[in-house]
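So the sequence shown is numbered by this note's numbering: it starts at 13 and just counts up by one.
Reading through the C-alpha cells given below for one structure.
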Amino acid sequence: MPSAEFSPLPTSLTDSLWRTLERDTLHSQQLAFAQGTHANHQTQFRAYLLFCSFFNLQPLPASPHQLACYAQFLSRSMKSPATISHYLSAVNLLHRMHGLAPCPHSTFEVKQTLRGITKTLAHRPRVRHPITPEVLLRLRRHLDLSCPRDLVVWSAILLGFFTYLRKSNLVPPSTNKFDPTKHLARQNVLVFHAGLLVTVAWSKTVQANERSITIPVLAIPDHPLCPVTAFRKMLAALPGQPTDPAFLLPKTSKQRQNCLTTSTLEKSFASLIAAAGFPKGFFTPHDLRRGGYTLAFEAGVPRELRRAHGDWRSDADLLYLQLSLRQRLRLPAAMRTVIQSRHERDNPQIT
C-alpha cells in the first residue's frame, strides 16, 4: 500500500495552527473544572505566585520547607486551617498542570506546621442555621405580596426551600448572563394542579449535560407556605416566554428584560432577615437548601430520597444536619427502652 504523502505547509502557517491548537487544548483543560472552582483556583494560584515573588522564591517545583513557610504565611491572614489546606492543594494542582510530580504537601514538616497552625488559630467554623417553616412565616410578614417584586422574591425563596436548588440554579449572576441551559427558565417548571415539576439540566454536579434532574414539588392547599400558589400568582403577575428566566422582575426604563439575579436575591433576602429581627448574616439563601433537607430528615424521609432530591454526589449532605437535643435524646431513650424490656423479660414480677 503506497504511503500517504503530504505537501509541507509554510512554517508560519503550521506555527499559527499549533498555537491555535495549544490555546484550544488549554481551554478544554479549563472547562474540566466548574466555573466557580476555576475561579477559586485562579485566586489561589495568584496568592502563591505573589508569595514567591515577594520572597524571591522559585515557584516550581516547591520544596516541603517552602510549602510549610507558605502555610505559616497564610495563617497570618486566614482564620480557617481548612482554607489554608485548600491553598496548599492548589500548589499541588499547579505542579500537575506543569507536568511536574505532585508537590510534597503531605510531608512531616508540612503536616507538623498545619497541626501547629490549627492549635494556634483554634478556629471554630461558623455555625449554619437551617431555615425552618416558622422562620419562613416570619419572613412572609415583611413582604407585600400584592407587589410583583416581593411576589417574585417570595416565590424564589419557597422554590429554593422545597427543591433544595442551589442559588446558581435558581437565578443567574446577572440579567445579561442568563443562560436557559443552565439557569431556571419558565420552560423548566411544569405547573399542574397538584404541584410543580422542576427540571434541571445543569448544576454543580452536572456539568456536561450528561443527565437531567427532575424535582417534584407538591401543593400545600390553603397554607401561606404553598410554593405552587406563590409560583402561580407570580406567573399571573409577570407573564413571560418559555425561555425567559423563571423569576422575571418588572421591566425598567433602562432594561428590556429584568430578572431576579444572585445579587438582588441576596440583598432582598438579607433585608428580610434583618426585618424579621435576626442578626446580620444569621441566614443566607443557601440555608434554604439546608432547611428543606433538615425538614425532610425530621419527617423521617430516607436519606436516599433526600440525596436524590438535592442531587448530592458525596456525603456532604450529612453536614447539613444539626441535631437538636430533643432529636439526640431519641438514641439514649431507645437504649433505655431495650434495657428495661430485657429487665422485665428476665425478671418477671410475681403478682
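A virtual CB, placed ideally from N, CA and C, is assigned to each residue, including glycine.
With hydrogens ignored, establish whether the beta-carbon of residue i is closer than 8 Å to any heavy atom of the ligand COA.
i: Gln84; result: Although the ligand COA was asked about, the structure shown includes no ligands whatsoever.
Applying the criterion that 16 or more other CB atoms from any shown protein chain within 10 Å of the CB defines a buried residue, is residue i buried or exposed?
i: Gln339; result: exposed
i: Ser215; result: buried
i: Asp27; result: exposed
i: Arg153; result: exposed
i: Ile129; result: buried
i: Ile169; result: buried
i: Ile351; result: exposed
i: Phe66; result: exposed
i: Phe120; result: exposed
i: Leu100; result: buried
i: Leu337; result: exposed
i: Val122; result: buried
i: Gly322; result: buried
i: His195; result: buried
i: Ser40; result: exposed
i: Leu171; result: buried
i: Asn68; result: exposed
i: Ser167; result: buried
i: Gln78; result: buried
i: Thr175; result: buried
i: Thr276; result: buried
i: His117; result: buried
i: Pro257; result: buried
i: Gln199; result: exposed
i: Gln334; result: exposed
i: Leu29; result: exposed
i: Gln56; result: buried
i: Pro228; result: exposed
i: Leu38; result: exposed
Can you tell me where the beta strand (DSSP E) holding residue i begins and where it ends?
i: Gly207; result: Gly207 to Val212
i: Pro360; result: Per DSSP, Pro360 belongs to no beta strand (DSSP E) and is neither H nor E.
i: Thr226; result: Ile225 to Leu230
i: Leu202; result: Val201 to Phe204
Take residue i and list the residues in its own chain whose beta-carbon comes closer than 7 Å to its own, dropping the five residues that flank it on each side.
i: Glu278; result: Pro297
i: Thr125; result: Ala80, Ala83 and Gln84
i: Asp329; result: Tyr305, Arg318, Arg319 and Gly322
i: Leu133; result: Ser87, Lys91 and Pro93
i: Gly293; result: none
i: Thr255; result: Pro192, Ala197 and Gln199
Going along the chain, which residues of its own chain have a beta-carbon closer than 8 Å to the beta-carbon of residue i, five neighbours each way excluded?
i: Gly111; result: none
i: Phe295; result: His141, Ile143, Val147, Phe281 and Ile285
i: Ile96; result: Ala83, Leu86, Ser87, Met90, Leu126 and Ile129
i: Pro236; result: Leu149 and Arg152
i: Lys8; result: The structure shown does not extend to residue 8, since the chain is modelled only from 13 to 363, so the question has no answer here.
i: His50; result: Gln42
If you follow the alpha helix (DSSP H) that residue i is in, where does it begin and where does it stop?
i: Leu247; result: Pro239 to Ala249
i: Ile96; result: Pro93 to Met109
Given residue i, which residues of its chain have a CB within under 6 Å of its CB, disregarding the five upstream and five downstream residues?
i: Ser186; result: Thr273
i: Tyr332; result: Arg302 and Tyr305
i: Ile232; result: Cys238
i: Cys115; result: Ala74, Val103, Asn104 and His107
i: Thr226; result: Thr211
Taking the runs of the alpha helix (DSSP H) that are 4 residues or longer, which of them lie wholly in the segment 133 to 186?
-> 145 to 152, 160 to 175 and 179 to 182
In the segment 286 to 344, which residue ranges form an unbroken alpha helix (DSSP H) of at least 4 residues, counting only runs that do not cross its ends?
-> 298 to 310, 315 to 322 and 337 to 340
Can you list the alpha helix (DSSP H) stretches of 4 or more residues lying completely in the segment 22 to 82, in chain order?
-> 23 to 43 and 47 to 66
Inter-stretch contact at 8 Å, needing at least 3 Cβ pairs: the segment 195 to 211 / the segment 230 to 241 | yes
Flag this pair as touching only if the segment 162 to 173 and the segment 247 to 261 have three or more C-beta atom pairs under 8 Å; answer yes or no.
-> yes
Would you call the segment 137 to 151 and the segment 293 to 309 touching, i.e. three or more CB-CB distances under 8 Å?
-> yes
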